[in-house]
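Student: For reference, the structure I am asking about is given below.
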Amino acid sequence: MTDTIIAYPNLAAARLGTEIVSVTDQFFASAERMLAETPPRFIADKFDDHGKWMDGWETRRRRGPGHDSAIVRLGAPGDVHQLEIDTAHFTGNYPMAASVDACVLGDGEDPASARWQPLLTMTALQGDHLHRFTLPTPGHATHVRLNLHPDGGVARFRVLGRPRVDWAGVDADQEVELSAARLGGQVLALSDAHYGWPHSLLYPGRGLNMGDGWETRRRREPGFDWCVIGLGHRGRVTGLEVDTAFFKGNFPAQVSVQAANLEDHADTALLRASSMFWPTLLTPQPLGPDAMHHFQDQLETLDAVTHVRLNMHPDGGISRFRVFGQIQ
1 MTDTIIAYPN
11 LAAARLGTEI
21 VSVTDQFFAS
31 AERMLAETPP
41 RFIADKFDDH
51 GKWMDGWETR
61 RRRGPGHDSA
71 IVRLGAPGDV
81 HQLEIDTAHF
91 TGNYPMAASV
101 DACVLGDGED
111 PASARWQPLL
121 TMTALQGDHL
131 HRFTLPTPGH
141 ATHVRLNLHP
151 DGGVARFRVL
161 GRPRVDWAGV
171 DADQEVELSA
181 ARLGGQVLAL
191 SDAHYGWPHS
201 LLYPGRGLNM
211 GDGWETRRRR
221 EPGFDWCVIG
231 LGHRGRVTGL
241 EVDTAFFKGN
251 FPAQVSVQAA
261 NLEDHADTAL
271 LRASSMFWPT
281 LLTPQPLGPD
291 AMHHFQDQLE
301 TLDAVTHVRL
311 NMHPDGGISR
321 FRVFGQIQ
């Protein structure tokens, strides 16, 4: 990806704590596999005790009426705007159709007694194909139910949207991770993402490997790479964290950060163009390989901001980026 505008984050990302609550059947392949954030793989000679190993969720062949389903508790409950159902590598064993329902549950409430509302009515699927669906009206959800009609396999299932956060419960003097994906932080635009997936920047914990982060191609022209991040809430920045975990021969020489307080930021293309002129929050600072870097005293004094632009000089890879602050 080069000079790209990014879609909604995946509310069902495994790294956000998404869980499979219940499943009617997973004889051939566990439903948890469809939540993986790596591209689906096909290993021709890999078999297990149940048959051909598949990178996704696959049920047994249904011999009676009904259909299979899996209930997913979203790691980041929120408003669902898009759905992705990927049948990659499922060619003779994909479902004829799929549908998706949603519900909103409080802590401890049982999905079995939930009032489910349709997000996606029964829709025909193709084999070995990525299906993208944009909802006409966003649907609020803490849980979603993927239905396979009547059975079969799905490689990946993604629920794209915006997290809902109860900011009223956060004290004004409390320091929070304003950029966290689970709190609504979102990568909106970037110069390049030849390697890795930029949303990983905002995930909790440290990276799993060098592929779990944002990495650009080798820059052969003047300039530097960058990405624009929308914070989950407007806030006064008190600290930054840049983690180059696993990036040892390809970490950026320096990093800098700009920031802005934007009242209207619906036009992402304009956001991308204007970000180069934003005020400086952090002047260029040196980075090291495979290390956590903290910046507090080095920050310039700015009022509350809604967006930041992370610049890596000139290119390279960053595993995690965190913006801490107090909501305003």
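Each residue of the sequence shown is one higher than the last, beginning at 1 in the UniProt record's numbering. Where is the CB? At the ideal position from N, CA and C, for every residue including glycine.
If you run the structure through DSSP and keep just helix, strand and coil, what is residue 2?
Tutor: Position 2 of the sequence shown, counting from 1, holds the residue named residue 2. With a pLDDT of 45 at residue 2, under the threshold of 50, the modelled position of this residue cannot be trusted; read the value that follows with caution. Residue 2: strand per DSSP, three-state reduction.
Student: Let's test the definition: count the other Cβ atoms within 10 Å of the Cβ of residue 192 and tell me whether it reaches 16, buried, or not, exposed.
Tutor: On the sequence shown, residue 192 is found 192 positions in, with the first residue counted as 1. Buried is the call here.
Student: Near residue 1, which residues of its chain fall below 6 Å by C-beta distance, leaving aside the five closest residues on each side in sequence?
Tutor: Within the sequence shown, residue 1 is the residue found at index 1, counting from 1. For residue 1, the predicted structure reports a pLDDT of 43, less than 50, and the residue's modelled location is therefore unreliable. The matter cannot be settled from this model.
Student: Do residue 155 and residue 87 come within 8 Å of each other at the CB atom, strictly closer than that value?
Tutor: Position 87 of the sequence shown holds residue 87. Position 155 of the sequence shown holds residue 155. In this structure, residue 155 lies closer than 8 Å to residue 87 by Cβ.
Student: Give me the Cα-Cα distance between residue 182 and residue 70, rounded to the nearest whole angstrom.
Tutor: As a position in the sequence shown, residue 182 is number 182, starting the count at 1. As a position in the sequence shown, residue 70 is number 70, starting the count at 1. Near 22 Å, if we compare the C-alpha coordinates of residue 70 and residue 182.
Student: Which partner residues does residue 249 have in the DSSP bridge list?
Tutor: Here residue 249 refers to the residue found at position 249 when the sequence shown is read from its first residue. BP columns for residue 249 are empty, so no partner.
Student: Which runs of the beta strand (DSSP E) fall wholly inside the stretch 57-113 and span at least 3 residues, in chain order?
Tutor: 68-86 and 97-103
Student: Quick check on DSSP: helix, strand or coil for residue 19?
Tutor: In the sequence shown, residue 19 corresponds to position 19, counting from 1. In the structure shown, residue 19 sits in a strand (DSSP, three-state: E or B).
Student: To the nearest angstrom, how far is the alpha carbon of residue 263 from that of residue 178?
Tutor: Counted from its first residue, the sequence shown places residue 263 at position 263. Counted from its first residue, the sequence shown places residue 178 at position 178. Their backbone Cα atoms lie some 17 Å apart in a straight line.
Student: Give me the residue from 44, 236 and 242 with the minimum Cα distance to residue 205.
Tutor: Locating residue 205 in the sequence shown gives position 205, counting from the first residue. Residue 205 has its Cα closest to that of 242, out of 44, 236 and 242.
Student: Are three or more beta carbon pairs between the stretch 90-109 and the stretch 142-157 nearer than 8 Å?
Tutor: yes
Student: Give me the residue from 189, 62 and 85 with the minimum Cα distance to residue 268.
Tutor: Residue mapping note: residue 268 aligns to position 268 of the sequence shown, counting from 1. Looking at the Cα atoms, 189 is the closest of the given residues.
Student: Assuming contact is defined by CB atoms lying nearer than 8 Å, are residue 319 and residue 246 in contact in what I supplied?
Tutor: Taking the first residue of the sequence shown as position 1, residue 319 is located at position 319. Taking the first residue of the sequence shown as position 1, residue 246 is located at position 246. Yes.
Student: Give every residue of the same chain whose Cβ lies closer than 8 Å to the Cβ of residue 160, excluding the five residues on either side of it in the sequence, and list them in chain order.
Tutor: As a working note, residue 160 is residue 160 in the sequence shown. Counting only Cβ-Cβ distances below 8 Å, and skipping sequence neighbours, we find 7, 8, 9, 10, 11, 80, 81, 82, 83 and 84.
Student: The alpha helix (DSSP H) with residue 272 in it runs from where to where?
Tutor: Numbered from its first residue, the sequence shown carries residue 272 at position 272. That run of the alpha helix (DSSP H) goes 268-274.
Student: Start and end of the beta strand (DSSP E) containing residue 202?
Tutor: By one-based count along the sequence shown, residue 202 stands at place 202. It is not in any beta strand (DSSP E) - residue 202 carries neither H nor E in the DSSP assignment.
Student: Per DSSP, what kind of secondary structure is residue 375 in: helix, strand or coil?
Tutor: The question about residue 375 has no answer, for the chain in this structure spans 1 to 328.
Student: Tell me whether the beta-carbon of residue 240 lies closer than 8 Å to the beta-carbon of residue 176.
Tutor: Taking the first residue of the sequence shown as 1, we reach residue 240 at position 240. Taking the first residue of the sequence shown as 1, we reach residue 176 at position 176. For the pair residue 240 and residue 176, the CB atoms are not nearer than the 8 Å cut-off.
Student: Report the rounded CA-to-CA distance for residue 260 versus residue 306, giving the unit in angstroms.
Tutor: Counted from its first residue, the sequence shown places residue 260 at position 260. Counted from its first residue, the sequence shown places residue 306 at position 306. Whole-angstrom Cα-Cα distance: 6 Å.
Student: Please confirm whether residue 93 and residue 152 have their CB atoms less than 8 Å apart.
Tutor: As a working mapping, residue 93 is identified with position 93 in the sequence shown. As a working mapping, residue 152 is identified with position 152 in the sequence shown. Yes, they are a contact pair.
Student: Relative to the C-alpha of residue 136, which candidate in 149, 125 and 121 has its C-alpha closest?
Tutor: Taking the first residue of the sequence shown as position 1, residue 136 is located at position 136. Nearest option by C-alpha distance: 121.
Student: How is the beta strand (DSSP E) around residue 136 delimited, first residue to last?
Tutor: As a working mapping, residue 136 is identified with position 136 in the sequence shown. Element bounds for residue 136: 130-149.
Student: Could you give the distance in angstroms between the alpha-carbon of residue 312 and the alpha-carbon of residue 215?
Tutor: Locating residue 312 in the sequence shown gives position 312, where the first residue counts as 1. Locating residue 215 in the sequence shown gives position 215, where the first residue counts as 1. Cα to Cα, the separation comes out at about 10 Å.
Student: Just to check my reading of the structure: residue 236 and residue 278 have Cβ atoms closer than 8 Å, yes? What is that Cβ distance to the nearest angstrom?
Tutor: Counting from one through the sequence shown, the residue named residue 236 turns up at place 236. Counting from one through the sequence shown, the residue named residue 278 turns up at place 278. Wrong, their Cβ atoms sit about 16 Å apart, outside the cutoff.
Student: Mind checking if residue 192 is an interface residue toward chain B, Cβ cutoff 8 Å exclusive?
Tutor: Chain labels in this structure do not include chain B; a single protein chain is all it has.
Student: Quick one: give me the first and last residue of the beta strand (DSSP E) that residue 232 is part of.
Tutor: Numbered from its first residue, the sequence shown carries residue 232 at position 232. Residue 232 -> beta strand (DSSP E) spans 225-243.
Student: With a threshold of 16 other CB atoms inside 10 Å of the CB of residue 288, please say whether the residue is buried or exposed.
Tutor: Here residue 288 is taken as the residue at index 288 of the sequence shown, counted from 1. With fewer than 16 other Cβ atoms within 10 Å, it is exposed.
Student: Let me know if residue 149 comes out buried or exposed under the rule of 16 or more other beta-carbons within 10 Å of its beta-carbon.
Tutor: Translated into the one-based positions of the sequence shown, residue 149 becomes position 149. Buried, by the Cβ-count rule.
Student: For the beta strand (DSSP E) containing residue 124, list its first residue and its last residue.
Tutor: Within the sequence shown, residue 124 is the residue found at index 124, counting from 1. Membership of residue 124 in the beta strand (DSSP E) is indicated by the continuous run 117-124.
Student: From the DSSP output, which residues share a beta bridge with residue 214?
Tutor: Along the sequence shown, read from residue 1 onward, the residue named residue 214 stands at position 214. Looking at the DSSP assignment, residue 214 forms a beta bridge with 196 and 318.
Student: Considering Cα atoms alone, identify which of 272, 304, 314 and 302 is closest to residue 384.
Tutor: Any answer about residue 384 is impossible in this case: the structure gives the chain only from 1 up to 328.
Student: What residues in its chain sit with their C-beta under 8 Å from that of residue 36, if we drop five residues either side in the sequence?
Tutor: Working through the sequence shown from its first residue, we reach residue 36 at position 36. 14, 55 and 156, listed in sequence order.
Student: Could you say which of 131, 59, 39 and 29 lies nearest to residue 47 if we only look at CA atoms?
Tutor: Taking the first residue of the sequence shown as position 1, residue 47 is located at position 47. Here the closest residue by C-alpha is 29.
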